[in-house]
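Count along the sequence shown from 1, then add 62; that gives the number in this note's numbering. Glycine included, C-beta positions come from ideal geometry on N, C-alpha and C.
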Amino acid sequence: MIMFETGLVSVTFRKLDPVEIIKLVKTAGLSAIEWGSDVHVPQTDLERATTIGGLTRESGIRVASYGSYYRPGVQTPDEFEPYLKAALALGAPVIRVWAGNKGSADASTADRDAVISCTQAICDMAARHNVTICYEYHNGTLTDQIDSAMDAITAINRPNMKLYWQYNPSLSREENGNALRRVLPYLQTVHTFAMDASLTRHPLATAIEDWQAYKAILEESPADHPVLLEFVEGDQPEAFLRDAKTLTELFA
């Protein structure tokens, strides 16, 4: 039986400092944090990364990943180096990156090839430090729909290349479930939330039937996976604590 590790994506609370986030996660009874590079752990500040990684572990919480905003194919492999150094200072075993800056329908063959070749290069860089690279599963990138995402990850063909997954609010439960099942062999982390097609946020409990269906699919996976809360109603700590309770009950 696989195990689920519950946690938080720090960008859920961009306005809170890392110490406040750690306290919230501990209060909620969650066990992992994905630290973002845009506010909390900038790739330019290795001392800060070391400090935050240490504070996280001292609180009994695991650093699940480093949520970078690096975009292979748009940026060069050399520009990835600061993110890798920051992840190592933080103690993150996984670095999240974005699959370019164009959706699959808009990306040319040259765009796609640039993303793939650059991702291969950064995977090789990360592999020397036993770090895994993951694509965010997101609109506006090559992972905006399942066929393109699978084409990309199979073309990259690196053992330390994985995928995140989150449901697409514009698709049905069945469509999202089918996509998740195809992702499973490459899945690293799941981002959880409750959001409708207009991107309005709701309590996680309102999407409990959806997440029960996705959990059943996740249980078919050969590996354990972090399931991390990302975005809550009004960016409010109270909403997070409420959703964290739902998350832990669901993935207990």
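- Query: Name the DSSP beta bridge partners of Trp160, please?
  - Reply: Trp160 is not bridged to any residue.
- Task: Report the residue from Leu303, Gly153, Thr68, Leu309 whose alpha carbon sits nearest the alpha carbon of Leu86.
- Result: Leu303
- Item | Beta-carbon proximity list for Ala94, same chain, < 6 Å, skipping 5 on both sides | Glu67, Gly69, Arg124, Ala126, Pro288
- Message: Can you check which of these residues, Thr216, His200, Glu295, is closest to His253 by C-alpha distance?
- Response: His200
- Query: Is it true that the CB of Leu291 sits closer than 7 Å to the CB of Leu21?
  - Reply: Because the chain in this structure spans residues 63 to 314, residue 21 falls outside the shown range and cannot be described.
- Confirm, please, whether the CB-CB distance from Arg244 to Phe293 is below 7 Å. no
- Message: Our contact map puts Asp305 next to Pro265 with C-beta atoms below 8 Å; I'd like the distance itself, whole angstroms only.
- Response: 6 Å
- Query: With 16 other CB atoms within 10 Å as the buried threshold, where does Pro221 fall?
  - Reply: exposed
- Between Pro284, Thr112, Ala172, which lies nearest to Leu150 when the distance is taken from Cα to Cα? Thr112
- Rounded separation between Ser130 and Asp100 - CA only: 7 Å
- Item | alpha helix (DSSP H) runs contained entirely in the segment 152-202, provided each spans 4 or more residues | 171-189
- Message: Would Thr144 and Ile114 be called neighbours here (beta carbons separated by less than 7 Å)?
- Response: The question names Thr, yet the displayed sequence has Pro at residue 144. Contact: no.
- Residue from Ala154, Thr138, Thr89, Lys307 whose Cα sits closest to the Cα of Ser121: Thr89
- Message: Rounding to the nearest angstrom, what Cα-Cα distance links Arg119 and Leu152 in this structure?
- Response: 10 Å
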